[in-house]
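Below is one structure, written out as structure tokens; the observations come after it.
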Amino acid sequence: MNWLYVAVAFHVLIALAFVSLLLYYNHKTNTVGVKIATKVDSYLKQYGYDAAPFLPVWYNKMSSVVKLNYPDNTVCVVVLSNRDMFEKTLPAHLASTTTSEDPVDSCTKYFMQRARELFPDEEVDIIYDYDLQPNSPLPLVNMQTVGHSAGLAYYYRPEEVTEPSWGDRKMFGCSISPKYGGWFGFRAVLVFKNVQDDEIQYLSPHDSLPSQEEKAKVLELFNNEWKDPAWRDVVLTDDMRYSDEQLEYFNKLPAERGAIVEEMRRRYIEQREEEQRDEKKEL
Ligand code: B12
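Set out below in structure tokens:
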């Protein structure tokens, strides 16, 4: 009989240990920073944006020149755009606005403000990829290092290549995501100024190009032939590639993008009118 009690007690203990582990794991993965980023990501996903959390302390330890001036454990969320932002969201945005602002910037601003409204009780600063420091060519935040510290995209820096073919030439670094390759753009950082997270775990980004040769190759492509999509294609992401129109748009200088924008706006309005005519016919 005694053995029966011991066996039951033993099983109860195992079950308790298992439940505590589950609770601990859930607590560690469901921290306030993760919850906020998940809420932002779930809302923005339908519009072609992805979001992930990071802390200033992670970013500042890496970023040697451009610092984020917030307390170490302030919850920050980085947002990038994927092909769907341009293909699905931008046309409707173009048809609904007459702003002279850069269309992608205006569209992103609109959705970042909607994302901020999901948190009416929080104070949220928004930093855009194009925001510069006062009287300086330096950005307010180095988006590629942000992407690396949030685990979204590995930032390949020229300093990582031990025997560079380019010698002393100044080279720019390039971020590659395991999900999108190079077919994405960093857009913004949301800083939740009054929210601190001491529990969130740092997740390092996946290094899709582990060899020295691959690292050197992507940097050569990005620096020598950035209009050619080869650097974006170093990781296979077939259904995430930009359309020809989107690639052409991002390969042009902002001042030269007007014709593409007008064509997209015209096409969207025409499509909508056609859909409305079809709906009327069905009634
Ligand atoms: C200024 C700028 C330019 C300038 C100068 C480029 C440059 N990199 O300096 C010009 C006009 C030339 C340019 C051109 C382009 N750009 Co540009 N540009 C920027 C911008 C606004 C700032 C870059 C910058 O000045 N960084 C600051 C310097 C100091 O950073 P850094 O040299 O990398 O040094 C950092 C690292 O060393 C880091 N660090 C140090 N130690 C460690 C250790 C670790 C582990 C890590 C992770 C980091 C790290 O610390 C430093 C920062 O403090 C960024 C957006 C942004 N806000 O970041 C886009 C950005 C870099 N550009 C981008 C792109 C795509 C382009 C273009 C292809 C044009 C286009 N279609 O948009 C071309 C291609 C350039 C080329 N191949 O010649 C993308 C890159 C995306 C990617 N996948 O990497 C960005 C991020 C914009 C975006 N919205 O996504 N660009």
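Counting in the numbering used here, the sequence shown runs from 7 upward without gaps. Glycine residues also receive a C-beta, built at the ideal position from the N, C-alpha and C atoms.
The criterion of a C-beta distance shorter than 8 Å is not satisfied by Met270 and Leu196.
Under the DSSP definition of a beta bridge, Gly187 partners with Ser183. In the displayed model, Val147 falls within coil according to three-state DSSP, outside both helix and strand.
For the set Ser210, Asn88, Pro170, Gly157, the Cα lying nearest the Cα of Tyr186 is the one of Asn88. Rounded to whole angstroms, the separation of the alpha carbons of Pro109 and Tyr116 is 11 Å.
Around the Cβ of His154, a 10 Å sphere holds 16 or more other Cβ atoms; the residue is buried. Cα atoms of Glu128 and Trp172: separation of roughly 47 Å, rounded to the nearest angstrom. Judged by DSSP secondary structure, Val38 falls within the alpha helix (DSSP H) whose first and last residues are 38-51. Counted as a single uninterrupted DSSP element, the alpha helix (DSSP H) harbouring Tyr255 occupies residues 250-257.
The beta carbon of Gly54 sits no closer than 7 Å to any heavy atom of the ligand B12. Val83 has its CB no nearer than 7 Å to any heavy atom of the ligand B12. With contacts defined by Cβ atoms closer than 8 Å, Val63 and Asn79 form a contacting pair. Phe60 is bridged by DSSP to Cys82.
Phe178 carries a coil assignment under DSSP once its states are collapsed to helix, strand and coil. Within the same chain, Ile182, Pro184, Gly187, Ser214 come within 7 Å of Val241 by CB-CB distance, once the 5 residues on both sides are set aside.
Rounded to whole angstroms, the separation of the alpha carbons of Lys287 and Pro143 is 56 Å.
Within 10 angstroms of the beta-carbon of Ile133 lie 16 or more other beta-carbons, which makes it buried. By the CB criterion at 8 Å, Glu285 and Ile266 fall outside the cutoff. When distances are taken from the beta-carbon of Trp9 to the heavy atoms of the ligand B12, even the shortest one reaches 7 Å or more. It is roughly 52 Å from the alpha-carbon of Val71 to the alpha-carbon of Glu280. Taking C-beta separations shorter than 8 Å and ignoring five residues to either side along the sequence, the partners of Gly54 in its chain run Ser87, Asn88, Arg89, Asp90, Met91, Phe92, Glu93, Lys94, Thr95, following chain order.
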